[in-house]
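Read through the structure below, which is laid out as structure tokens, and then see the notes.
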Amino acid sequence: MFPMHFQLLQACLLLLACLTTLVVGTSNSSTSTGEHAANFFGRHDSTSGHTNNWAVLVCASRYWFNYRHMANALGMYRTVKRLGIPDSNIILMLADDVACNTRNKFAGSVYAEAGRRLDLYGENIEVDYRGYEVTVENFIRLLTGRVDPSMPRSKRLLTDDRSNIFVYMTGHGGNEFLKFQDQEEISAFDIADAFEQMWQKKRYNEILFMIDTCQANTMYSQFYSPNILSTGSSEIGENSYSYENDNDIGVSVIDSYTHYVLKFMEGINKTSQTSMQDLFNSYDPVKIHSHPGIGSDLFHRPLDKALITDFFGGVAQAEVFPSQEDACLIGHHESGSTSLPFAPESGAPSLPVVTSPSTLTVEMHVWDSQWKEVRKWFSVFVVGCLVSWVSFVR
Amino acid sequence: MLLIPIPLLSQGTYIDENALQPAQVNTYWNWGDVHTADLHMYQLDGIVDRNLTSEQRAEFFRMEFSKLGLAASTQNYTFTTSKGTISGNNAYAVMSSPRAAGTEAMVISASWLSTAGHGALNVRGISTVLSLAAFLKDYSLWAKDIIFVISDDYLHGMHAWLNAYHGTIPSNLHTDPLEHISGVIWTALNIDYSGHSFSHLGVFHEGLNGRLPNQDLINSFRFISHYTGGLPMTVYDHLEPADLVDRWSEWSVLPSWTPAFIRRSPQLQQYEYRARNVVRHIGYQARGMCSGVHGLFHQFRIDAITIFAVPAKGPHGFHALGKIVESTLRTMNNLLERLHASFFFYILTSPGTFLKIGMFLPSAILVSVAMLFKGLGEWVDAGWVREVSEVSLKGTGSLEKEPKTKDTWRNRRRPMLSVLITMVATHVLGVLVFNLLCSRRFDENRSFFVPAILAAVSMIPPALLPLLPKNTPEVAPSSVLLKSSNLCLASTVISIMSLLNFSLAAMLALTMGVPLATSSRSSSMTTSLLRYAAYCILAWGWLVLLPEEVESAIWNWEVLGVWFAPFVCIVYAPLVMQAGIVCLQGSS
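Taken in sequence, the protein lines are chains U and L.
Heads up: the first sequence begins at 1 in the working numbering, then just goes up one per residue.
Heads up: the second sequence begins at 395 in the working numbering, then just goes up one per residue.
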């Protein structure tokens, strides 16, 4: 009985010693908390420089037979919400006449696949612009911020020059236009001008414009404002086709392009390092039955450095600014590497979200990391010895 | 016109309305429902055996609907015609849409008698409607009310019901207002299934007065029949040559002595098949008749067709029919507005091909335009007279020469008054004859009145002719003027008719085109009298030669309001008579 207890005590002591060395080593090697913060928030390896994410999802058609467009928009809604954009930052424009349509056999549900496994119209849907509110005027007012003072916050795009906006549109369109509810059209020029106004009024950092309609690629052909990455489902003269239809619902449930984009997105989580380039590489014109286009000429970052989560994720990315004393020193190091239009200016303390303590050092010694490795493996070795010793004694 | 059936002119049918989404649903009509239909059929057989009255039958149907919990009622109606009264009883039920406001409705109907004729009873069609009522009630996805109507007899039952529903009760119909009313009816399906089983589903689409339903309805039905039901649709009960490989010779009009390679030529068979469809279509449309109960709906702007189960030894029955009707209803249910996208003017040459109005209209319009030019030519000719006068040339040394003749053209007056009086008189005569035909006395003493009318109409013009002013050289002969105005009027009539009812215009172009253009005076009295007699027969001969047609046309006019009978009496016959008078005037 006793020796057994003694042995256990011994083992515990040894383990304690081990841990102590580990902790001491850590505190010794810790460069600074600021570094930690930077590591933590900067783990996305992002070069975007944005601090908030917004999504504008527009379904421009209505009526029962356009079920699939509603499902497209709701599918995107689910994805951006899942990846972390809160409802307050999602503007959903939806005719919203299918879920409770009398023709809907599954009342109160919208499905985007033939098996009806996932109800996109769950209990937590916030449609901001509904039914007849989905108009060209409202859309442009929303983008440019020219709304009535009485407009509630949920219907406003409260973005700033650090906002990454994901704009998704779907509906029936043609060469350089998209039809809104069989009543009016928005042209590619209208959207291009709205984006330019947003740029001039510093309402965005970057925009991802995605559109699924017939001849969709013409819709972004007129953009001229910087930092817009655009993609569409089909070339000029091409139709975008639906992917499948559910024989109990009785109509097509999703469009091909959106289906494959959403399928790709299902493999993405909040910490994913997948880039926009990977998304674009996943486009398969044979499966989609049209040729998706990519408009990256206005976008200044390399596509393989632009993360999916820069647009789809709701990343509260923090900027880490040095304190005033170190500002000059850091400015030296960073000025060469920034390529962002909104490179943080070292003298502006109003923007930072997290301010670093004064002990921040910039140099990262190679020796530090090696010491970390040695410690790691040493503790593993010690624990291994302990375990084998205990088992042998028994 | 002979070119119309050529396959090259036809184009493929397609669905134009986005909302329809045909044949995209799973159907749930199953063998249990077929069993219900079978049970209904046995009950109906019992009714037929017991020889129940129309009223008892309607009461039975009302009870059956009530048992399902539907708002059901019966309607008693009486039509008064020159041949006595026609009365009957309809039964109907309204299934309210569970989730919609009930402002729109669809109709599924079956009449007691079948289109197949010879007193065939539509027992299976009615069984289908009764069991569909039980089946459709269990679904909550109807955006429109569904009205089930079992109409009495063949046509007049539904006519009375529709008029009562829309509150347009004509003066000769006596009926009470309907007890249950739903919304605006958009589409209707009439089910006609009289045989034991069927191999094809035929579609009948011609409505009263040449109206046609929107082609989208037929095309959707064809899709659904093909993809959901798995059986082919045909136009009318005409099977396609491909379906009748070995039996085609029985159908073909080509005599058996023609060489086999001609009879078996696919192009010729295809032509004959299409020609048969076109002829049948023109036969219905020109007379303004409807080819089934569905045709009564069109006047209320309801798109409707009859689904006719072409009798055969098999293999299909209630199961296929129920599935197809269910799926068609789902498609009709998807409609957001009335059918408007596709064609209203077309000729179905085969189930999958049709002729646009632009392809067939010229055939009638060309004749009409030719008549117009001929008439205008006559008018111009009438205004000028050629005078040959002797001119003596006073030139020196030319006395021994023959005097030269010189033609001069001289204007002359063209008095239109007598011509117009003649024309108006013939039309008035037509009105009188029509009134007489519709009177009760005509029906009672048919054998007396027919020859009497014929004699009167052919004798009156020659008798009154001397009253007209004589021709003088100063004025144009009235026969030429009459011919010119007659041709112009006929041309106008054909042009207008071609837009309202192409088939009727085509028939007018055939019957009036050449005869009216060639009417002319003749030098000999006998020739002109013979010609006049020929025109008289062309104008009024149908009184003697086609008594059944006369009877049905008058019945159609009195009960259903088909204006073929008055049109023939008041427009067609007088026009031909005017051509006859042209012949007479010349000779006198």
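Where is the CB? At the ideal position from N, CA and C, for every residue including glycine.
So what's residue i in DSSP terms, helix, strand or just coil?
i: U/Gly177; result: Before going further, note that residue 177 of chain U is Phe rather than Gly in the sequence given. U/Phe177 falls in the strand class under three-state DSSP.
i: U/Ile125; result: coil
i: U/Ser27; result: Residue placement at U/Ser27 cannot be trusted, given a pLDDT of 46 that sits under 50; what the coordinates show is reported in the next sentence. If DSSP states are grouped into helix, strand and coil, U/Ser27 belongs with the helices.
i: L/Leu572; result: coil
i: L/His594; result: strand
i: L/Thr479; result: strand
i: U/Val393; result: helix
i: L/Tyr486; result: strand
i: U/Val167; result: strand
i: U/Tyr204; result: coil
i: L/Ser914; result: coil
i: L/Met552; result: helix
i: L/Asp532; result: coil
i: L/Thr472; result: strand
i: L/Asp801; result: strand
i: U/Leu298; result: coil
i: L/Arg444; result: helix
i: L/Phe455; result: helix
i: L/Asp586; result: strand
i: L/Ala510; result: coil
i: L/Ala495; result: coil
i: U/Thr274; result: coil
i: L/Gly561; result: coil
i: L/Gln972; result: helix
Do residue i and residue j have their CB atoms nearer than 7 Å?
i: L/Leu402; j: L/His553; result: no
i: U/Phe195; j: U/Glu185; result: no
i: U/Thr170; j: U/Asp128; result: no
i: L/Trp536; j: L/Asn727; result: yes
i: L/Asp427; j: L/Gly716; result: yes
i: L/Asn608; j: L/Leu733; result: yes
i: L/Ser588; j: L/Ser508; result: yes
i: L/Glu498; j: L/Lys538; result: yes
i: L/Arg444; j: L/Ala485; result: no
i: L/Ala940; j: L/Leu859; result: Rather than Ala, the amino acid found at residue 940 of chain L in this sequence is Leu. No.
Residue i versus chain U: which residues are under 8 Å apart at the beta carbon?
i: L/Arg493; result: Thr102 and Ala107
i: L/Leu535; result: Thr102, Arg103, Asn104 and Lys105
Give the residues of chain L in contact with residue i, contact being defined as C-beta atoms less than 7 Å apart.
i: U/Phe65; result: Asn412, Ala413, Gln415 and Asn728
i: U/Asn245; result: Gln418
At a CB-CB cut-off below 8 Å, which residues of chain L make contact with residue i?
i: U/Gly250; result: Gln415, Gln418, Val419, Arg724 and Asn728
i: U/Asn72; result: The contacting residues do not exist; U/Asn72 stays about 17 Å from chain L at best.
Worksheet entry | Ordered list of beta strand (DSSP E) runs contained in the region 601-632 of chain L, each at least 3 residues | 627-629
Practice prompt. Flag this pair as touching only if the region 216-235 of chain U and the region 84-93 of chain U have three or more C-beta atom pairs under 8 Å; answer yes or no.
Written response: no
Practice prompt. Let me know the alpha helix (DSSP H) ranges lying completely inside the region 67-122 of chain U, each 4 residues or longer, listed in chain order.
Written response: 67-82
Item to complete: Take every Cβ of the region 763-773 of chain L, pair it with every Cβ of the region 872-890 of chain L, and state whether three or more of those distances are shorter than 8 Å.
Response: yes
Fill in: Whole runs of the alpha helix (DSSP H) within the region 219-270 of chain U, excluding any shorter than 4 residues
256-265
Worksheet item: Which ranges would you report for the alpha helix (DSSP H) in the region 833-886 of chain L if only whole runs of at least 4 residues count?
Response: 834-838 and 840-858
Worksheet item: Is there contact between the region 838-850 of chain L and the region 741-748 of chain L, where contact requires at least three CB pairs shorter than 8 Å?
Response: no
Worksheet item: Do the region 654-667 of chain L and the region 569-577 of chain L touch if we need at least three Cβ pairs shorter than 8 Å?
Response: no
Discussion item. I'd like to know if the region 273-282 of chain U and the region 235-244 of chain U are in contact, where contact means that at least 3 CB-CB pairs between them fall below 8 Å.
Written reply: no
Worksheet item: Three or more beta-carbon pairs under 8 Å between the region 104-113 of chain U and the region 286-300 of chain U, yes or no?
Response: no
Worksheet item: Are three or more beta carbon pairs between the region 656-676 of chain L and the region 930-937 of chain L nearer than 8 Å?
Response: no
Worksheet item: Can you list, in chain order, the stretches of the alpha helix (DSSP H) that have 4 or more residues and sit fully within the region 675-753 of chain L?
Response: 712-727
Practice prompt. Answer yes if the region 697-712 of chain L comes into contact with the region 508-519 of chain L, meaning at least three C-beta pairs across the two stretches below 8 Å, and no otherwise.
Written response: yes
Discussion item. With a threshold of 8 Å, are at least 3 pairs of Cβ atoms found where one atom belongs to the region 150-169 of chain U and the other to the region 282-294 of chain U?
Written reply: no
Worksheet item: Taking three-plus beta-carbon pairs below 8 Å as touching, is the region 621-629 of chain L in contact with the region 596-613 of chain L?
Response: yes
Worksheet item: Is the region 447-462 of chain L in contact with the region 553-562 of chain L, if contact means three or more CB pairs nearer than 8 Å?
Response: no
Discussion item. Does the region 947-957 of chain L come into contact with the region 827-840 of chain L, if we say contact requires no fewer than three beta-carbon pairs (one atom in each stretch) closer than 8 Å?
Written reply: yes
Discussion item. For the pair the region 97-105 of chain U and the region 281-290 of chain U, tell me if three or more CB-CB distances fall below 8 Å.
Written reply: no
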